[in-house]
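**Q** Okay, handing you the structure first.
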Amino acid sequence: MAMTFNHLNLLASADSGIFTLLVDTLGLEVGQRPDFPFKGHWLYQGDKALVHIIESQAYQECQLGHLAFELNMNLQELTTKLQQSAIQYSVKQVPDSEIVQVFVRVGNMVFELQTLNEPRNNQFPIFTQHEELV
Numbered sequence: 004m005a006m007t008f009n010h011l012n013l014l015a016s017a018d019s020g021i022f023t024l025l026v027d028t029l030g031l032e033v034g035q036r037p038d039f040p041f042k043g044h045w046l047y048q049g050d051k052a053l054v055h056i057i058e059s060q061a062y063q064e065c066q067l068g069h070l071a072f073e074l075n076m077n078l079q080e081l082t083t084k085l086q087q088s089a090i091q092y093s094v095k096q097v098p099d100s101e102i103v104q105v106f107v108r109v110g111n112m113v114f115e116l117q118t119l120n121e122p123r124n125n126q127f128p129i130f131t132q133h134e135e136l137v
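Take a look at the structure:
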């Protein structure tokens with residue numbers, strides 16, 4: 004199974020300084036972001052959204068939300084493997100998108116796993132807030 008890095012998700016308040024570091028200092032660019040029901044930014048390097056920021060005053064300090072990877076397996080294959088390993092997961096969908104997200108929690112880490120070549124008619128709940136994952 005091949006796995007490639009997709010993005011890093013950070014949880015931060017508007018005044019945390021992470022936006023200034025990543026955009027003003029390191030040169031990432033604010034780009035298109037799906038219509039999630041919470042504040043945030045997707046920061047791009049070229050055409051790749053490398054960092055997704057969920058913005059809320061609830062986060063006193065910037066913290067890791069999750070790491071996201073793309074897998075070269077389909078959704079059924081992934082969920083079967085997770086079930087066989089007794090690993091709990093939740094399946095969500097990006098708003099107005101065909102992207103399906105499988106969230107897995109291991110200890111204090113959350114991973115988002117995206118499967119490739121999914122059918123175009125998925126009907127999963129939309130990820131609404133980070134607290135759903137913990």
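Here our numbering is used: position 85 in the sequence shown is 88, and no number is missing along the way. All residues carry an ideal CB built from backbone N, CA and C; glycine is no exception.
Exposed or buried, glycine 68, counting other C-beta atoms within 10 Å across all chains shown (16 or more means buried)?
**A** buried
**Q** Count the other CB atoms within 10 Å of the CB of glutamine 117; is the residue buried (16 or more) or exposed (fewer)?
**A** By the 10 Å Cβ count, glutamine 117 comes out buried.
**Q** Classify glutamate 101 as helix, strand or coil using the three-state DSSP reduction.
**A** In the structure shown, glutamate 101 sits in coil (DSSP, three-state: anything other than H, G, I, E or B).
**Q** Skipping 5 residues on each side, what residues in its chain have a beta carbon closer than 8 Å to that of threonine 82?
**A** Tyr92, Val94, Val105
**Q** Which residues in the same chain have their Cβ closer than 8 Å to the Cβ of proline 37, if we skip the five residues on either side of it in sequence?
**A** In its chain, beyond the 5 residues on either side, Val97, Pro98, Asp99, Ser100 have a beta carbon closer than 8 Å to the beta carbon of proline 37.
**Q** Which whole-angstrom value describes the C-beta separation of leucine 70 and phenylalanine 114, a residue pair presumed to lie in contact below a C-beta threshold of 8 Å?
**A** 6 Å
**Q** Could you give the first and the last residue of the continuous beta strand (DSSP E) run that contains threonine 118?
**A** 112-118
**Q** With burial defined as no fewer than 16 other Cβ atoms inside 10 Å of the residue's Cβ, what is the status of alanine 52: buried or exposed?
**A** buried
**Q** Helix, strand or coil for leucine 29? Go by DSSP, reduced to three states.
**A** If DSSP states are grouped into helix, strand and coil, leucine 29 belongs with coil.
**Q** Compute the Euclidean distance between the alpha carbons of lysine 84 and valine 107, then round it to the nearest angstrom.
**A** 12 Å
**Q** With C-beta atoms as the reference, is glutamate 73 less than 8 Å away from serine 19?
**A** no
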